[in-house]
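Novice: Residue numbers (our numbering), protein chains in the order written: chain Y, 904 to 1189; chain H, 5 to 366.
Shown next, in the form of structure tokens:
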């Protein structure tokens, strides 16, 4: 189909604008992470696109090797927050995915009606902020606050509906006949689930896990409320990077942001094949 | 031991009755086709035989053994699904070996069986291929092989050929029939394709709206349909049925078809039953048996289909529509009036109200 020239110009302009909105902040962060203080600070005079004097000083600063000419003493380095983020997001994802997958399978195969699935998604529609204060009180009674497992547990609960709904859609799409074929051969229900259903669901499981992980990884609010000092996560730690002298420590924040972007990117690349391939089963759609 | 006996089998889904009291005996080693349009209850019947669904009422016996409460894995049936239900994360070999492996067969035994079945179904070169990259035709063979490998006494096939292409369907019809001759299983074959049922089955059970309409050999069902549904459903095109009233004439009992005229005298054996009928009847004859004649029913040609080997002429419309199938092109064209003669001897008459065939002695 031949399109008019103005339309083509408009089309590419729109695409460029969309790309710019997405990529410019990321490029800015990357660039800032390698700038010395004079180039990023609010008082600095050399605001530039690319670092004139590239440096790893920001990274050294967040890992506590130098104070980067700032009169700031960090009470602890970024190592512990990175560990905290990893532990809470990974275990939170594991909780949400295992409970969500089991629930989705049960309701997809043996459930009737829509009430329970809808009730579960309503949990997701509920703003977490509304319940976080009571949760915070409960958690402190249980002594779960300021711990990675306490955080992981909340992450698991909060992202469970999301994992459940993704997996339920996938299970609904998988023909029952595949399981019945194994049952007819004398396979037990449990074995069908572990040996036939789950292996065939590898791609959907990986995609759902990635989405859930990103949700947990990028949380700020819950971690802000439930952690205080020992187990703050990357976003919370990042927010604390400021000083009365220099204001926001943008360079250090950018360096940390760059580090925080690494795990989701690695995971995304690792399962890209599954994401693109989507769902193809050996059976035909009716 | 592997005869199947369905006794007063009923299946309801909520308020919907999928199957109304079905009685059917399938003999050991018999190839039985369950034939009917979609939603007739044939797949439901099959699923109950396999144990995927519990009957609402009635019994299923394998030989003398009541199958109530026996889970599908213990019924000892092979099942081929319409959508193949291949385990795509496994190779062809692993798919074929699944049944024996589940039964705890040894490695040597599994290899021997897989080798034999793969050879029979021409899958040998594909054994180590991943199942998710195979064509539909191959997947169907794998599905049949996976079920056939256990050499079970009962083999259930749910529309196995409805997704494969026409040429392959013809090949598979022959192969399935050979498979059954070799293993002598009791086969139950669900299909909506009468050609498959007619060519493969020993007997056909025709179903509609959850009711078993007729059971018989392919020729019985074709020649002597028990009712109007079977008459219309079997045959391509189905039987012509014209409404009329029995009338006496000097040549014997005829049917007065109103504007179309009167039919030739009915064959002797139909006369008592038709004479006893009250009200309107349906006069039925096969399109293949219609001839062009000097005397007969004069009807306007409404459409002519020339499909190579045969010519299908559509005559009249509405209630008096008649189809005629000729081996050769008959040179009729739309708008002409054709004079067609129904076959004298092989006509069938049905009660218009009940739809049942009027036959000698019944």
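We put the CB at the ideal spot given by N, CA and C, even for glycine.
Keep in mind the model is a prediction, meaning the values are calculated, not measured.
Rounded to whole angstroms, what's the CA-CA distance from residue 107 of chain H to residue 31 of chain H? Just pull it up for me.
Specialist: As a first step, residue 107 of chain H is located in the second chain; it is residue number 103 there, counting from the start. As a first step, residue 31 of chain H is located in the second chain; it is residue number 27 there, counting from the start. Between residue 107 of chain H and residue 31 of chain H, the C-alpha separation is close to 27 angstroms.
Novice: Considering residue 47 of chain H, what are the terminal residues of the alpha helix (DSSP H) in which it resides?
Specialist: The sequence position of residue 47 of chain H within the second chain is 43, counting from 1. Residues 46-54.
Novice: Does the beta-carbon of residue 73 of chain H have 16 or more other beta-carbons within 10 angstroms, so that it is buried, or is it exposed?
Specialist: Walking along the second chain from the start, residue 73 of chain H turns up at place 69. It is exposed - the Cβ of residue 73 of chain H has fewer than 16 other Cβ atoms within 10 Å.
Novice: Using DSSP with H/G/I as helix, E/B as strand and the rest coil, what is residue 87 of chain H?
Specialist: Taking the second chain and counting its residues from 1, the one referred to as residue 87 of chain H is at position 83. The answer is coil: DSSP assigns residue 87 of chain H none of H, G, I, E or B.
Novice: Would a C-beta distance cut-off of 7 angstroms place residue 258 of chain H and residue 164 of chain H closer than the cut-off?
Specialist: What you label residue 258 of chain H is simply residue 254 of the second chain in a count that begins at 1. What you label residue 164 of chain H is simply residue 160 of the second chain in a count that begins at 1. For residue 258 of chain H and residue 164 of chain H, no; Cβs fall outside 7 angstroms.
Novice: Applying the 10 Å Cβ sphere with the 16-neighbour rule, what's the burial state of residue 1153 of chain Y?
Specialist: Against the first chain, residue 1153 of chain Y aligns to sequence position 250. Buried is the call here.
Novice: Check whether chain H comes within 7 angstroms of residue 1107 of chain Y, counting only Cβ atoms and requiring the distance to be less than that.
Specialist: Translated into the one-based positions of the first chain, residue 1107 of chain Y becomes position 204. Cβ-Cβ to chain H under 7 angstroms: no for residue 1107 of chain Y.
Novice: Round the Cβ separation of residue 328 of chain H and residue 291 of chain H to the nearest angstrom and send it over; I've been treating them as touching at under 8 angstroms.
Specialist: The sequence position of residue 328 of chain H within the second chain is 324, counting from 1. The sequence position of residue 291 of chain H within the second chain is 287, counting from 1. Yes, they are in contact, since the Cβ atoms of residue 328 of chain H and residue 291 of chain H sit about 5 angstroms apart, within 8 angstroms.
Novice: Checking contacts by CB at 7 angstroms: is residue 1095 of chain Y closer than that to chain H?
Specialist: Taking the first residue of the first chain as 1, we reach residue 1095 of chain Y at position 192. So, not an interface residue.
Novice: Out of curiosity, what's the CA-to-CA distance linking residue 996 of chain Y and residue 1114 of chain Y?
Specialist: Numbered from 1 along the first chain, position 93 holds the residue referred to as residue 996 of chain Y. Numbered from 1 along the first chain, position 211 holds the residue referred to as residue 1114 of chain Y. Distance between the alpha carbons of residue 996 of chain Y and residue 1114 of chain Y is about 9 angstroms.
Novice: Of all the options H/79, H/318 and H/56, which has the alpha carbon lying nearest to the alpha carbon of residue 1081 of chain Y?
Specialist: Here residue 1081 of chain Y corresponds to residue number 178 of the first chain, with the count starting at 1. Nearest option by C-alpha distance: H/56.
Novice: Kindly say whether residue 1101 of chain Y, judged by its beta-carbon, lies nearer than 7 angstroms to any beta-carbon of chain H.
Specialist: Stepping through the first chain from its first residue, residue 1101 of chain Y is reached at position 198. Chain H, which has no Cβ nearer than 7 angstroms to the Cβ of residue 1101 of chain Y, makes this no.
Novice: Under 7 angstroms, do residue 194 of chain H and residue 38 of chain H count as touching if we go by C-beta distance?
Specialist: In the second chain, residue 194 of chain H corresponds to position 190, counting from 1. In the second chain, residue 38 of chain H corresponds to position 34, counting from 1. For residue 194 of chain H and residue 38 of chain H, yes; Cβs fall inside 7 angstroms.
Novice: On the criterion of 16 or more Cβ atoms from any shown chain inside 10 Å, does residue 355 of chain H qualify as buried, or is it exposed?
Specialist: As a first step, residue 355 of chain H is located in the second chain; it is residue number 351 there, counting from the start. Answer is buried; the Cβ neighbour count reaches 16.
Novice: Would you mind working out which of Y/939, Y/959 and Y/964 sits nearest residue 952 of chain Y, comparing C-alpha positions?
Specialist: If you number the first chain from 1, residue 952 of chain Y lands on position 49. The candidate whose alpha carbon is nearest that of residue 952 of chain Y is Y/939.
Novice: List the residues that DSSP assigns as beta-bridge partners of residue 1036 of chain Y.
Specialist: If you number the first chain from 1, residue 1036 of chain Y lands on position 133. According to DSSP, which records beta bridges pairwise, residue 1036 of chain Y is partnered with nothing at all.
Novice: Which residues in chain Y have a C-beta closer than 8 angstroms to the C-beta of residue 77 of chain H? List them in chain order.
Specialist: One-based indexing of the second chain puts residue 77 of chain H at position 73. What residue 77 of chain H touches in chain Y: 1086, 1087, 1088, 1089, 1090 and 1091.
Novice: Let me know if residue 34 of chain H comes out buried or exposed under the rule of 16 or more other beta-carbons within 10 Å of its beta-carbon.
Specialist: Taking the second chain and counting its residues from 1, one reaches residue 34 of chain H at position 30. Flag for residue 34 of chain H reads buried.
Novice: Thinking C-beta only, is residue 352 of chain H closer than 7 angstroms to residue 288 of chain H?
Specialist: Position 284 of the second chain, counting from 1, holds the residue named residue 288 of chain H. Position 348 of the second chain, counting from 1, holds the residue named residue 352 of chain H. In this structure, residue 352 of chain H lies closer than 7 angstroms to residue 288 of chain H by Cβ.
Novice: Nearest-angstrom Cα distance between residue 150 of chain H and residue 189 of chain H?
Specialist: Taking the second chain and counting its residues from 1, one reaches residue 150 of chain H at position 146. Taking the second chain and counting its residues from 1, one reaches residue 189 of chain H at position 185. Rounded to the nearest angstrom, the two C-alpha atoms are 15 angstroms apart.
Novice: Applying a beta-carbon distance threshold of less than 7 angstroms, which residues of chain H neighbour residue 1081 of chain Y?
Specialist: Here residue 1081 of chain Y refers to the residue found at position 178 when the first chain is read from its first residue. What residue 1081 of chain Y touches in chain H: 89 and 91.
Novice: Quick check: what's the CA-CA separation for residue 260 of chain H versus residue 58 of chain H?
Specialist: Looking up residue 260 of chain H in the second chain gives position 256. Looking up residue 58 of chain H in the second chain gives position 54. Looking at the two C-alpha atoms, the distance is approximately 50 angstroms.
Novice: Let me know the secondary structure DSSP gives residue 36 of chain H once reduced to three states.
Specialist: Working through the second chain from its first residue, we reach residue 36 of chain H at position 32. Strand at residue 36 of chain H.
Novice: According to a CB-to-CB cut-off of less than 8 angstroms, which residues of the region 100-112 of chain H neighbour chain Y?
Specialist: Those residues of the region 100-112 of chain H that come within reach of chain Y (Cβ to Cβ, closer than 8 angstroms) are 102, 103, 106 and 107.
Novice: Using the C-alpha atoms, what's the distance from residue 917 of chain Y back to residue 910 of chain Y?
Specialist: Locating residue 910 of chain Y in the first chain gives position 7, counting from the first residue. Locating residue 917 of chain Y in the first chain gives position 14, counting from the first residue. Taking the straight line joining both Cα atoms gives about 10 angstroms.
Novice: Where does residue 256 of chain H sit, in a helix, a strand or coil, going by DSSP?
Specialist: Position 252 of the second chain, counted from the first residue, corresponds to residue 256 of chain H. Three-state DSSP puts residue 256 of chain H in a strand.
Novice: In angstroms, rounded to a whole number, what distance separates the CA positions of residue 1098 of chain Y and residue 90 of chain H?
Specialist: In the first chain, counting from the first residue as 1, residue 1098 of chain Y sits at position 195. In the second chain, counting from the first residue as 1, residue 90 of chain H sits at position 86. Spanning the two alpha carbons is a distance of roughly 13 angstroms.
Novice: Check whether the Cβ atoms of residue 1064 of chain Y and residue 1023 of chain Y sit closer than 7 angstroms, and answer yes or no.
Specialist: Here residue 1064 of chain Y is taken as the residue at index 161 of the first chain, counted from 1. Here residue 1023 of chain Y is taken as the residue at index 120 of the first chain, counted from 1. Yes, they are a contact pair.
Novice: Between the C-alpha atoms of residue 11 of chain H and residue 61 of chain H, what's the straight-line distance to the nearest angstrom?
Specialist: Start at 1 with the first residue of the second chain, and residue 11 of chain H comes out as number 7. Start at 1 with the first residue of the second chain, and residue 61 of chain H comes out as number 57. Taking the straight line joining both Cα atoms gives about 9 angstroms.
Novice: Starting from residue 186 of chain H, trace the alpha helix (DSSP H) both ways and give me its first and last residue.
Specialist: Within the second chain, numbered from 1, the residue matching residue 186 of chain H stands at position 182. Element bounds for residue 186 of chain H: 170-187.
Novice: For residue 54 of chain H, which residues in chain Y fall below 7 angstroms Cβ to Cβ?
Specialist: The sequence position of residue 54 of chain H within the second chain is 50, counting from 1. In chain order: 1087.
Novice: Which whole runs of the alpha helix (DSSP H) in the region 1131-1166 of chain Y are 4 residues long or more, in chain order?
Specialist: If we require 4 residues or more, the alpha helix (DSSP H) runs fully inside the region 1131-1166 of chain Y come out as 1137-1142.
Novice: Determine the chain A residues that contact residue 1078 of chain Y at a beta-carbon separation under 7 angstroms, and present them in chain order.
Specialist: Of the chains in the structure shown, none is chain A; the protein chains are Y and H.
Novice: So, do the region 982-999 of chain Y and the region 1130-1148 of chain Y have three or more beta carbon pairs nearer to each other than 8 angstroms?
Specialist: Segments in contact, yes.
Novice: Would you please state the rounded distance, in angstroms, between the beta carbons of residue 236 of chain H and residue 200 of chain H? I believe it to be under 8 angstroms.
Specialist: On the second chain, position 232 is the one that residue 236 of chain H refers to. On the second chain, position 196 is the one that residue 200 of chain H refers to. Not quite, the Cβ-Cβ distance comes to about 18 angstroms (not below 8 angstroms), so this is no contact.
Novice: For residue 1019 of chain Y, which residues in the same chain have their Cβ closer than 8 angstroms to its Cβ, ignoring the five residues on either side in sequence?
Specialist: Here residue 1019 of chain Y is taken as the residue at index 116 of the first chain, counted from 1. Answer for residue 1019 of chain Y: 1010, listed in chain order.
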